[in-house]
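Plus 982 on top of the position in the sequence shown (first one is 1) and you've got our numbering.
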Amino acid sequence: RFDHAAIFMLIAGTYTPFLLTTIRGPLAWTFFGIIWAVAITGMVIRSIYLFRFRRLMVFIYLIMGWMFVFMINSMIKSLPPLSLMFLFAGGLSYSIGVIFYAWRKLPFGHGIWHLFVLGGSIAHFFSVIYSVA
């Protein structure tokens, strides 16, 4: 299913405005290339194999999302504090949501996961607004 492949695009797309407009420089461009290479590779693998490697794909989503820790100093220097707060809150929301996604026996677990995804998306939207706009 392509909606699962699109998660890779969402993650890379969330990084892009910060890397290209706020952080900039060689580190940002290197990180931009890495994050999009992983995203494109993940989309292709996910599209071909669908639900094989499900746990691996979720693990890669989390790794991609938290790769920012490798450039945390640049982010602290470049992003306004409110933007950083929303960025971290969004990542935390997505990450906590994975618990409910993986908890197959929990009633409404998938719906609860979607609420965390919605919260993460809203937080990241405001993070972009406060740093790029």
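All C-beta atoms, glycine included, are put in the ideal place defined by N, C-alpha and C. Note that the structure is a prediction, hence the values are computed from the model and not measured.
Contact under 8 Å by Cβ, Phe1052 with Ala1105: What you label residue 1052 is simply residue 70 of the sequence shown in a count that begins at 1. What you label residue 1105 is simply residue 123 of the sequence shown in a count that begins at 1. Going by C-beta atoms, Phe1052 is not nearer than 8 Å to Ala1105.
Distance check for Trp1018 and Leu1066, CA to CA, integer angstroms please. The residue labelled residue 1066 in the question sits at position 84 within the sequence shown. The residue labelled residue 1018 in the question sits at position 36 within the sequence shown. Going by the C-alpha atoms only, they are around 21 Å apart.
Residue ranges of each alpha helix (DSSP H) run of no fewer than 4 residues wholly in the stretch 998-1048, ordered along the chain? Runs of the alpha helix (DSSP H) lying entirely within the stretch 998-1048, each at least 4 residues long, are 1007-1031, 1036-1048 in chain order.
Rounded C-beta distance between Ile1005 and Met1057? I'm assuming under 8 Å. In the sequence shown, residue 1005 corresponds to position 23, counting from 1. In the sequence shown, residue 1057 corresponds to position 75, counting from 1. Their Cβ separation, rounded to whole angstroms, is 7 Å, which keeps Ile1005 and Met1057 in contact under 8 Å.
Boundaries (first-last residue) of the alpha helix (DSSP H) holding Pro1063: Position 81 of the sequence shown, counted from the start, is the residue given in the question as residue 1063. Following the DSSP letters along the chain, one finds Pro1063 inside the alpha helix (DSSP H) bounded by residues 1063-1084.
Ala1105 lies in the alpha helix (DSSP H); which residues open and close that run? Within the sequence shown, numbered from 1, the residue matching residue 1105 stands at position 123. 1091-1113 is the extent of the alpha helix (DSSP H) around Ala1105.
Same chain only: Cβ atoms within 7 Å of Ser1075, ignoring 5 sequence neighbours per side: Sequence index remark: in the sequence shown, residue 1075 carries index 93 (1-based). The residues are Phe1098, Gly1101, Gly1102, Ala1105.
When the Cα of Val1020 is compared with those of Phe1041, Phe990, Leu1044, which residue comes out closest? What you label residue 1020 is simply residue 38 of the sequence shown in a count that begins at 1. Minimum Cα distance to Val1020 is reached at Phe990.
Thinking Leu1001 and Phe1013 are a contact (beta carbons under 8 Å), I'd like their distance in whole angstroms, please. What you label residue 1001 is simply residue 19 of the sequence shown in a count that begins at 1. What you label residue 1013 is simply residue 31 of the sequence shown in a count that begins at 1. The pair is a contact, with the Cβ atoms about 6 Å apart (cut-off 8 Å).
Go to Lys1059, then tell me how far its alpha helix (DSSP H) extends in each direction, as first and last residue. Translated into the one-based positions of the sequence shown, residue 1059 becomes position 77. Here the alpha helix (DSSP H) through Lys1059 covers 1054-1060.
Considering only residues of the same chain and omitting the five flanking positions on each side of Gly1073, which have a CB-CB separation below 6 Å? Locating residue 1073 in the sequence shown gives position 91, counting from the first residue. Closer than 6 Å at Cβ, skipping near neighbours: Gly1047.
Could you give the DSSP three-state label for Leu992: helix, strand or coil? Indexing the sequence shown from 1 puts residue 992 at position 10. Here Leu992 carries a helix assignment [DSSP, helix/strand/coil].
Pair within 8 Å by beta-carbon distance, Ser1113 and Pro1063: Here residue 1113 refers to the residue found at position 131 when the sequence shown is read from its first residue. Here residue 1063 refers to the residue found at position 81 when the sequence shown is read from its first residue. No. Outside cutoff.
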